[in-house]
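For reference, the structure is listed below as structure tokens.
In this note's numbering, the protein residues as written are 7 to 145.
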């Protein structure tokens, strides 16, 4: 873009943005790489320059400029899809399962609790049943 008349050079779009507009006169005409994406290069002319965060990660802020802007899903959760734009895309392991893996990208990272133990939804560990109880909570 170039907002000043009579200058000899244009300014490239910053990382995290792109513009296919020829003759853009305002930075506000640039489009942002959306949540779940980032772009490291300058001068991008299409949304194809925006790279999706990998499965097991999310990124909630538009205009991210590095892969490190993509945050790992927390232990006890997983996300198998790319380009997640919010932490809510990280799915909690079911009750009776657990995961200690940060950034898990498959349901298979959620492991079943062993006999005599249990867990709540989204757990990172299993708890043993108290003495005098079973898995179902009956004496």
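All C-beta atoms, glycine included, are put in the ideal place defined by N, C-alpha and C.
Considering only residues of the same chain and omitting the five flanking positions on each side of residue i, which have a CB-CB separation below 7 Å?
| i | result |
| --- | --- |
| residue 81 | 105, 106, 107, 108, 130 |
| residue 112 | 84, 86 |
| residue 71 | 21, 22, 44, 45, 46 |
| residue 49 | 18, 19 |
Kindly identify the DSSP beta-bridge partner or partners of residue i.
| i | result |
| --- | --- |
| residue 123 | 134 |
| residue 107 | DSSP output for residue 107 lists no bridge partner at all. |
| residue 69 | BP columns for residue 69 are empty, so no partner. |
Considering only residues of the same chain and omitting the five flanking positions on each side of residue i, which have a CB-CB separation below 8 Å?
| i | result |
| --- | --- |
| residue 83 | 96, 97, 98, 99, 105, 110, 128 |
| residue 26 | 51, 52 |
| residue 40 | 56, 68, 91 |
| residue 103 | 116, 117, 118, 119, 125, 129 |
Just confirm the distance between the C-beta atoms of residue i and residue j, as a whole number of angstroms; I'd bet it's less than 8 Å.
| i | j | result |
| --- | --- | --- |
| residue 46 | residue 36 | Actually they are not in contact, since the Cβ atoms of residue 46 and residue 36 sit about 16 Å apart, beyond 8 Å. |
Counting only the same chain and skipping the five closest in sequence on each side, list residues whose C-beta sits under 6 Å from that of residue i.
| i | result |
| --- | --- |
| residue 76 | 59, 63, 65 |
Based on Cα-Cα distance, which residue from the options lies nearest to residue i?
| i | options | result |
| --- | --- | --- |
| residue 56 | 28, 79, 89, 34 | 89 |
| residue 92 | 42, 34, 38 | 42 |
| residue 132 | 138, 117, 139 | 117 |
| residue 115 | 121, 79, 69 | 79 |
Using 8 Å as the Cβ pair cut-off and three pairs as the minimum, do the region 58-66 and the region 15-27 touch? no
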